[in-house]
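Be aware that the sequence shown starts at 153, since it is given in the numbering used here, and climbs by one per residue.
Where a beta carbon is used, it is the ideal one built from N, C-alpha and C, also for glycine.
The next block holds one structure in the form of structure tokens; read it before the comments.
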Amino acid sequence: MVSPAPRPARARSPEEKGQRRDDILRAAERLWTSTPYAELSMNQVAREAQLAKGTLYLYFDTKEELFLALLTEHLQHWLEQVTALLDERQPRTPEGAAEVLIQSARDQEPLRRLLILLGTVLERNVRPELALNFKREFRRMVQGVLERLPFAPEVTLRLLMHMYALSLGWQQLTEEPPASSLLRREADLAFLFPSFEQEFAFSLRAVIDRLVAEAPSAAEAPSRKSLA
Numbered sequence: 153m154v155s156p157a158p159r160p161a162r163a164r165s166p167e168e169k170g171q172r173r174d175d176i177l178r179a180a181e182r183l184w185t186s187t188p189y190a191e192l193s194m195n196q197v198a199r200e201a202q203l204a205k206g207t208l209y210l211y212f213d214t215k216e217e218l219f220l221a222l223l224t225e226h227l228q229h230w231l232e233q234v235t236a237l238l239d240e241r242q243p244r245t246p247e248g249a250a251e252v253l254i255q256s257a258r259d260q261e262p263l264r265r266l267l268i269l270l271g272t273v274l275e276r277n278v279r280p281e282l283a284l285n286f287k288r289e290f291r292r293m294v295q296g297v298l299e300r301l302p303f304a305p306e307v308t309l310r311l312l313m314h315m316y317a318l319s320l321g322w323q324q325l326t327e328e329p330p331a332s333s334l335l336r337r338e339a340d341l342a343f344l345f346p347s348f349e350q351e352f353a354f355s356l357r358a359v360i361d362r363l364v365a366e367a368p369s370a371a372e373a374p375s376r377k378s379l380a
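So this is what it looks like as structure tokens:
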């Protein structure tokens, strides 16, 4: 049996560097599905990506920096999905906007798990300038959503922060503990196993209704010119 040729120690072209970076992110993502973040090491990621550990550090200085990049990628994909749905539906009412946001949150558990890491681990351990750059990049990425939702920009930004908080809260509450199979036998403990989709949708609709009630004029769609 012929052994596969070893991977080059260093990518040289921009395309090779981009592919190598993506290989590292995919390796980290695969490992994270079965390994708790605290137990996951850069050595493991390097082995999974079939790279020398030193090569890994050419792209990411720390594990936190690597996962912040992974989070940024997932956020970008989610926001692309949201803007595509908004272009398709063009909601003009709070209920229409809620339906788009609720639909966009489906099948986003990896993003929610990364967002939990953001506040508890990543931002506390990366260099301050990286944390600041992440927030600036996030503000840039949400501009398309601000231009498409039928609310004033400041209302939409506040809504997105509520959506963030609700996503994290319901994600943590709906993750089943190791003893869930035993607990599920107790009828009076059924409330401990809520449905993420059901409760998140309920909460988000309530938040949107309240935000619109507090700022009635925000329900009027702002012009794109005013947001330029």
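Report the three-state DSSP secondary structure of residue i (helix, strand or coil).
i	result
aspartate 340	helix
serine 256	helix
lysine 169	helix
alanine 204	coil
leucine 210	coil
threonine 185	coil
proline 329	coil
Output the boundary residues of the alpha helix (DSSP H) element that contains residue i.
i	result
leucine 284	280-293
glutamate 366	348-366
glycine 321	305-326
glutamine 228	215-241
glutamine 196	194-200
leucine 335	332-335
leucine 267	261-269
What whole-angstrom Cβ distance do residue i and residue j have, given they're in contact under 8 angstroms?
i	j	result
valine 297	valine 234	6 angstroms
proline 346	leucine 325	6 angstroms
leucine 220	valine 278	6 angstroms
proline 302	arginine 357	No, proline 302 and arginine 357 are not in contact; Cβ-Cβ is about 15 angstroms, not under 8 angstroms.
Would you check whether the ligand ADP has a heavy atom nearer than 8 angstroms to the C-beta of residue i?
i	result
alanine 365	The model on display carries no ligand, and the ligand ADP is accordingly not part of it.
Quick check on the burial criterion: 16 or more other C-beta atoms within 10 angstroms. Buried or exposed for residue i?
i	result
leucine 341	exposed
proline 188	exposed
alanine 180	buried
methionine 315	buried
leucine 334	exposed
serine 186	exposed
valine 154	Caution is warranted here: a pLDDT of 40 is assigned to valine 154, below 50, making its placement in the model unreliable, and the coordinate value is therefore given only provisionally. Result: exposed.
Is it true that the region 211-222 meets the region 242-254, where meeting means three or more beta-carbon pairs spaced less than 8 angstroms apart? no
Hey, is the region 198-211 in contact with the region 224-244, meaning 3+ C-beta pairs nearer than 8 angstroms? no
Within the chosen definition, does the region 322-338 reach the region 348-368 through at least 3 CB pairs nearer than 8 angstroms? yes
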